[in-house]
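Peer 1: Can you keep this structure in mind? I'll have questions shortly.
Numbering (the numbering used here), first residue to last: 2 to 314.
As structure tokens, then:
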């Protein structure tokens, strides 16, 4: 009955599990020809890796992005968080929407097969700058040299850390900002090649770090932005909650949960000019919507009571 009334089914069991439960796509489409079944698995429903076990870091490594993450002189690293699962979920969402639009147009659904592994193969950095470099040199982008560069990267300040980029044509700007305009004409710093020398970088930091330690993250970043530098604070969770930009755009959602009370959640990272988005609701409790679903399927109160008494719900 649920299949008959549903537009989409999403599952992330291992390949073959839905078939073993009697809920494979061949079964579902006979009940509802327009249904979309989205199957998200480690390596997809077919192929030699179909049965392999995997995890977030395994997919990130095998798919390729890990090979260019980190520094050249060290082992490859993984980005923080479950970036692979989040990326695969995003791919699954838009692939499902495409299938749903097609079903609405043709009346025929389909089985959307998402391979988490394949989402990572397409996640490699393909910016034009790297593609152009490959065209001229034949070399692919790799992990960068970990060198300590002049006016580049993360540095400490009065209340944490900031990341300010002041190399290249912006070096004069950062020299002016920290009150030492003469550094821009110092032969030691004027040579672009020399600015990659860690010793030269540390020599610049003798002027730079004292200035940073007199400024908070926001003060340093605001000064840097005023001087046309690329800059941002290294935010903690507390910093993010207090960020005036999020507050101005109404990003945070306050949701009242029946067991925990009001909690603040990350909001939708987009705005729509032509539609008012519905309010967010908390995650449902176990069985919270069972009666509502059964009523929508046409079951009477008596039948629902019998199901409850039998322990089925």
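For glycine and all other residues, C-beta sits at the position ideal for the given N, C-alpha and C. What you are looking at is a predicted structure, and each value in this text was computed from that prediction instead of being measured.
Between the Cα of residue 263 and those of 284, 155, 209, spot the shortest distance and give me the residue it belongs to.
Peer 2: Closest by alpha carbon: 284.
Peer 1: Kindly identify the DSSP beta-bridge partner or partners of residue 165.
Peer 2: 232, per the DSSP bridge assignment.
Peer 1: Select from 77, 52, 46 the residue whose C-alpha is nearest the C-alpha of residue 61.
Peer 2: Closest option to residue 61, Cα to Cα, is 77.
Peer 1: For residue 166, tell me which candidate among 191, 226, 211 has the shortest Cα-Cα distance.
Peer 2: Among 191, 226, 211, the Cα nearest to that of residue 166 belongs to 226.
Peer 1: What is the C-beta distance between residue 101 and residue 8, in whole angstroms, given that I count them as a contact (C-beta under 8 Å)?
Peer 2: Contact flag correct, Cβ pair sits at about 6 Å.
Peer 1: What is the residue span of the beta strand (DSSP E) that residue 156 lies within?
Peer 2: Unbroken beta strand (DSSP E) run through residue 156: 155 to 158.
Peer 1: Could you pull out every residue in the same chain whose Cβ sits closer than 6 Å to the Cβ of residue 50, ignoring the five residues on either side in sequence?
Peer 2: Within the same chain, residue 50 has close Cβ partners 44.
Peer 1: Along the chain, where does the alpha helix (DSSP H) containing residue 200 start, and where does it finish?
Peer 2: Element bounds for residue 200: 199 to 214.
Peer 1: Return the Cβ separation of residue 151 and residue 202 in integer angstroms, given the expectation that the two are a contact with Cβ distance under 8 Å.
Peer 2: So it is a contact: roughly 5 Å between Cβ atoms.
Peer 1: Please classify residue 179: is it buried, with 16 or more other beta-carbons within 10 angstroms of its beta-carbon, or exposed?
Peer 2: When all chains shown are included, residue 179 counts as buried.
Peer 1: Run through DSSP, which three-state label would residue 262 get?
Peer 2: Three-state result, residue 262: strand.
Peer 1: What three-state label does DSSP hand residue 192 in the structure shown?
Peer 2: The answer is coil: DSSP assigns residue 192 none of H, G, I, E or B.
Peer 1: Suppose you measure from the CA of residue 176 to the CA of residue 154; what does that come to, to the nearest Å?
Peer 2: Their backbone Cα atoms lie some 15 Å apart in a straight line.
Peer 1: For residue 121, which residues in the same chain have their Cβ closer than 8 Å to its Cβ, ignoring the five residues on either side in sequence?
Peer 2: If we look at residue 121 and ignore the five residues flanking it on each side, its Cβ neighbours are 60, 61, 63, 64, 65, 66, 85, 88.
Peer 1: Report the residue from 208, 69, 232, 219 whose alpha carbon sits nearest the alpha carbon of residue 245.
Peer 2: Of 208, 69, 232, 219, the residue nearest in Cα terms is 219.
Peer 1: Could you check whether residue 93 and residue 115 sit closer than 8 Å to each other, using their CB atoms as the reference points?
Peer 2: Yes, they are a contact pair.
Peer 1: Pick from 243, 259, 235, 190: whose alpha carbon is nearest that of residue 253?
Peer 2: Taking only the C-alpha atoms, the option nearest residue 253 is 243.
Peer 1: From which residue to which residue does the alpha helix (DSSP H) around residue 297 run?
Peer 2: Note, residue 297: alpha helix (DSSP H), 291 to 297.
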